[in-house]
Amino acid sequence: MSETSEPTTAAVDTLVDSWLTLPDVAERVGLDVGKVRRLLQERKLVGVRRGEPRVLSVPERFLVPGHQDAAATGEWAALPWLQGTLTVLADAGFSDEEAIVWLFTPDESLPGTPIDALRAGQKTEIRRRAQAEL
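Residue numbers (this note's numbering): 48 to 181.
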């Protein structure tokens, strides 16, 4: 996770209303914390260090009901279209924190935010917009 400027940190805290620590994510998806860290390494999820003490946290809206990993036993999974979108944003030079801000910033041309559109299955449109950031 990259260490970024204070304004970005403030934006993340303003835009994201609900966070999960890695143990919370592990409980939701039915994996141990080590496998959740692997999801972060594989960029299926991203998180930022926040709070005092600084704890790695993931936006709750990155998880959706359903199973995806055969090893997972929980009732939740990482949003399936998130990984590709995060890759496009990283290719455009976005840090994890900046990607979260981009995904959670309201867009007048969408009904809501890019994360809302992704959760509604509009991955092609959101990735097209992310590629426009290149």
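Glycine residues also receive a C-beta, built at the ideal position from the N, C-alpha and C atoms.
Using DSSP's beta-bridge definition, name the partner residues of W66. To locate residue 66, count along the sequence shown from 1; it is residue 19. Beta-bridge pairing links W66 to P106.
Roughly how many angstroms separate the alpha carbons of E112 and A125, rounded to a whole number? Working through the sequence shown from its first residue, we reach residue 112 at position 65. Working through the sequence shown from its first residue, we reach residue 125 at position 78. Glu is not the amino acid found at residue 112; the sequence shown has Pro there. So the two alpha carbons sit approximately 9 Å from each other.
Boundaries of the beta strand (DSSP E) in which W149 is found, first to last residue: What you label residue 149 is simply residue 102 of the sequence shown in a count that begins at 1. It is not in any beta strand (DSSP E) - W149 instead sits in the alpha helix (DSSP H) that spans D143 to F151.
Alpha carbon to alpha carbon, how far is R84 from E172? As a first step, residue 84 is located in the sequence shown; it is residue number 37 there, counting from the start. As a first step, residue 172 is located in the sequence shown; it is residue number 125 there, counting from the start. So the two alpha carbons sit approximately 29 Å from each other.
Using the three-state DSSP reduction, which class does R90 fall into: helix, strand or coil? Within the sequence shown, the letter at position 43 stands for residue 90. Here R90 sits in coil by DSSP.
Can you grab the Cα-Cα spacing for the pair T68 / G77, in whole Å? As a position in the sequence shown, residue 68 is number 21, starting the count at 1. As a position in the sequence shown, residue 77 is number 30, starting the count at 1. When rounded, the distance between both Cα atoms is 14 Å.
I'd like to check one pair, A177 with L136: are the Cβ atoms closer than 8 Å? Position 89 of the sequence shown, counted from the start, is the residue given in the question as residue 136. Position 130 of the sequence shown, counted from the start, is the residue given in the question as residue 177. It is a contact, given that the beta carbons lie within the stated cut-off.
Identify the continuous beta strand (DSSP E) that holds A124 and give its terminal residues. Numbered from 1 along the sequence shown, position 77 holds the residue referred to as residue 124. That run of the beta strand (DSSP E) goes W123 to A125.
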